[in-house]
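Undergrad:
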């Protein structure tokens, strides 16, 4: 890698993959919360439905944060590679 600093590409790749898996799991959970909220609404339990919709939104927001963190790691890795070259 030339004379620059060493870049731990494999470590950063593993971290990005872990973040993307976490984001995917949260997204799937959010879909489940939304389905449960629909069921609760149909049964007339609006309080439970609202709580589940809040959980749905929270899971989606957390998934978005994980994706953004993975993207930031990717961009930092690219910059580190450029700097090391």
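In my numbering, the protein residues as written are 3 to 87.
Glycine is no exception: its CB is placed at the ideal position from the N, C-alpha and C atoms.
Relative to the alpha-carbon of residue 21, which residue among 34, 84 and 71 has its alpha-carbon at the smallest distance?
TA: 71
Undergrad: Are the region 60 to 76 and the region 13 to 32 touching by the rule of at least three beta carbon pairs closer than 8 Å?
TA: Put simply, the region 60 to 76 touches the region 13 to 32. At least three CB pairs are less than 8 Å apart.
Undergrad: Going by Cα to Cα distance, which pick from 45, 74, 87 and 55 is closest to residue 36?
TA: 55
Undergrad: Hey, would you say residue 14 sits closer than 8 Å to residue 60, going by beta carbons?
TA: no
Undergrad: Taking residue 18 as the reference, which of 75, 49, 9 and 41 has the closest Cα?
TA: Comparing Cα-Cα distances from residue 18 to each of 75, 49, 9 and 41, the minimum goes to 75.
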